[in-house]
Every structure is written in C-alpha cells, then in structure tokens.
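Engineer: In my numbering, the protein residues as written are 3 to 339. Have a look at this one.
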Ligand code: NCD
C-alpha cells in the first residue's frame, strides 16, 4: 500500500509486505526511542490525540512516539470534556480538529466510529481502538514483539504456534492480531475462552480461509502445552451489560508460574496487551511471573513506541529524512547505564 497520507483503520488494509515494511522502519526508530539520538524531523507537526475511552499506554505511546520524532501533541480525553456531549457529530468534530492537526489518533467505544471520523477528516487518522472491533497498532506491536522474540531463537513468524486466552469475543486486540497472523504461513492458533466469549465466527472463518490451523478450547492447562506464545487478555468488562455478567467469567483462566512450569514448553513467551487485571478475583497473569525472563509484556509496550513512530514516519512520508534531522542527546541517559 501507499502509506503517505493513509488512514490506519484496520488490519484488513495490509498485505504481508506492508507489515514487513512497517517492521523494518520500526527497527530504524530504535536509537531514537532509546534516546541514543534525537530527531526533529516532525518539527512543527501537530498530532491530535483524541481518546474517548479509558487508556493509559496507547494514548501516551502515540503521543510519545510523535514527540520522539520532534512533533507536538494536543490531547483531549473523555466525552465529558468534549463538545460531543453537546450533541456535536463525529463528522463535525473531525472537520474541526483536522483543521488543527497533521494527523489524528482516536479511540472511541463505538465499532466503526473511527472510520466514520476518518471519512470526514482532512488529515490521516489512526485507530487507537474502536469498541470491540479492532486495534490495529496494538496488533502490529504484538506481532513485531513476536517476531523479535522468535528471532532470538533463530525462528520467524512463519510456523508460529500461539494460544490466545480470555475474552476473545470482545477483545479487539485479538481480533486485529488474528487478522494479522492470517498474512503469514503455517500458523497454528489455539483459542481458549469460555464458550460465551469465543472469537467471532467471521474472524475464525477468515483465518481458516487464509490457511491458519485453528483449534478451540475452554480449558487452559493442556491447551498451552505446545505453543511458542501464550497471549493472555482481560475480560472486557466495559463491553458487558453489567459488572455481574463480567464477574461470571473473571478469573477463569489464570496463568501463574506453577501452571507455566507444569504445562508450558520451556521458554514459551508470555504476552498480554495490558492492562492485566491484577485484582484478586481476576489475576489473569500472576505477578509471580514478573521475574520470568519469558514474560514479554513490557517489551511489548517498549516496542509499541517503535511501531507507532514507524507509522507516523510512513504516513507523513519522512522515513528517509529521520536521520538527516538528527543530533546527539545532550542529557543524562539512564538507559545507557
Ligand atoms: C487493550 C485495549 O484497549 O483494547 N489495551 C491496550 O490498548 N493495550 C486491551 C484491554 O483494554 O484489555
């Protein structure tokens, strides 16, 4: 695809070589993300960061990625503080904000809302999560992490065996990741969820049609025995009609060190899009895994910066200029100690 000026709304818009191009630009961003070098390539550019649903890492990651390329960030968070509570349409908001920004990132609770917004925007829009539908930049950073973890073992994405666990029905990160995996070869996916929270049939059908081997289970322990990656997810409480309904499923699939040691192959990589629900009635990814070197959750968040920097550089067409507008870091860098 031609990235220049493009909206990033769904994994469906990518082919394998597009994904490989994003990953190769992400590699190029590492010295800047690690503060070994500073670039001012996006000096003067403004990101409109609009989050109408709870977010910590995605919002700050988009903003930091833009800052790391030298751009400025303007932010609005929550419906209450926006004109949407006064009845303004998303289309009008899009028209107004795209007059102030060079690119817009958006999260919204309604499925399809970010695409509707993009249709009325005069600048590129990136989907930071539209309801239970998709979260394409998370899937890209997840797959980029998978590629790096496998590369360390002399492997590639092709041939990957992955178990996805939890609320697969509402989990937009899993929806996008499933679509992304379909672009690769010899992929085996095990879907572990309560039957009521199964991955939507349309996504399973799409994976199978693309040649992915899909198996389904509602039991954790034996289903994580022969995989390279365990990808755990949170029960998406905000998508249920009541907390009581979400409580029915909370804490059903808990992974801890004892279960990991007993059932997983050595060095199985543990991932989670975060936030993990660490309350005692959920505890889906136990803190006793925190010293396990195969826990990749914070490598995922670090990699998120690289992926989002790469997307900004591609969409704003500055990939070849990033190094040209760079200089040394002047401040104390604790990462290098
Ligand atoms: C995810 C999301 O918002 O879909 N979080 C994230 O962006 N990393 C997952 C979640 O909230 O459970």
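Positions of the beta carbon are idealized from the N, C-alpha and C atoms, including for glycine.
Can you determine whether any heavy atom of the ligand NCD sits closer than 7 Å to the C-beta of residue 295, and answer yes or no?
Structural biologist: Mapped onto the chain shown, residue 295 falls at position 293. Flag unset: Cβ of residue 295 not near the ligand NCD.
Engineer: How many Å lie between residue 93 and residue 333 at the Cα?
Structural biologist: For the purposes of this step, residue 93 is taken as residue 91 along the chain shown, with counting starting at 1. For the purposes of this step, residue 333 is taken as residue 331 along the chain shown, with counting starting at 1. Their backbone Cα atoms lie some 43 Å apart in a straight line.
Engineer: In this structure, what does DSSP give as the bridge partners for residue 287?
Structural biologist: For this step, residue 287 is matched to residue 285 along the chain shown. Paired residue(s): 257.
Engineer: Span of the beta strand (DSSP E) holding residue 108?
Structural biologist: Stepping through the chain shown from its first residue, residue 108 is reached at position 106. Note, residue 108: beta strand (DSSP E), 105–110.
Engineer: DSSP three-state label for residue 57, please.
Structural biologist: Taking the first residue of the chain shown as position 1, residue 57 is located at position 55. Three-state result, residue 57: coil.
Engineer: Can you look up residue 237 in the DSSP assignment and give me helix, strand or coil?
Structural biologist: Against the chain shown, residue 237 aligns to sequence position 235. It is coil, neither helix nor strand.
Engineer: With 16 other CB atoms within 10 Å as the buried threshold, where does residue 1 fall?
Structural biologist: Summary: the structure shown does not reach residue 1, with the chain confined to residues 3 through 339, and so no result is reported for it.
Engineer: Can you check whether the CB of residue 67 is closer than 8 Å to the CB of residue 314?
Structural biologist: Taking the first residue of the chain shown as 1, we reach residue 314 at position 312. Taking the first residue of the chain shown as 1, we reach residue 67 at position 65. Result yes, Cβ atoms of residue 314 and residue 67 sit closer than 8 Å.
Engineer: Beta carbon of residue 241, beta carbon of residue 79: below 8 Å?
Structural biologist: Residue mapping note: residue 241 aligns to position 239 of the chain shown, counting from 1. Residue mapping note: residue 79 aligns to position 77 of the chain shown, counting from 1. Contact: no.
Engineer: Residues around the ligand NCD, please: the ones whose beta-carbon is closer than 7 Å to some heavy atom of it, in chain order.
Structural biologist: Listed along the chain, these residues meet the criterion: 57, 59, 60, 131, 137, 140, 173, 174, 175, 235, 236, 238, 275, 276, 277.
Engineer: Kindly indicate the opening and closing residues of the beta strand (DSSP E) around residue 94.
Structural biologist: Indexing the chain shown from 1 puts residue 94 at position 92. Taken as a continuous stretch (DSSP letters only), residue 94 belongs to no beta strand (DSSP E), being part of the alpha helix (DSSP H) at 92–99.
Engineer: In angstroms, rounded to a whole number, what distance separates the CA positions of residue 5 and residue 319?
Structural biologist: Here the question's residue 5 lines up with position 3 in the chain shown. Here the question's residue 319 lines up with position 317 in the chain shown. Taking the straight line from one Cα to the other gives about 8 Å.
Engineer: Would you kindly work out how many angstroms separate the C-alpha atoms of residue 152 and residue 85, rounded to a whole number?
Structural biologist: For this step, residue 152 is matched to residue 150 along the chain shown. For this step, residue 85 is matched to residue 83 along the chain shown. Rounded to whole angstroms, residue 152 to residue 85 spans 46 Å at the Cα level.
Engineer: Which residue wins for smallest C-alpha separation from residue 183, given the options 199, 194, 158?
Structural biologist: As a position in the chain shown, residue 183 is number 181, starting the count at 1. The candidate whose alpha carbon is nearest that of residue 183 is 158.
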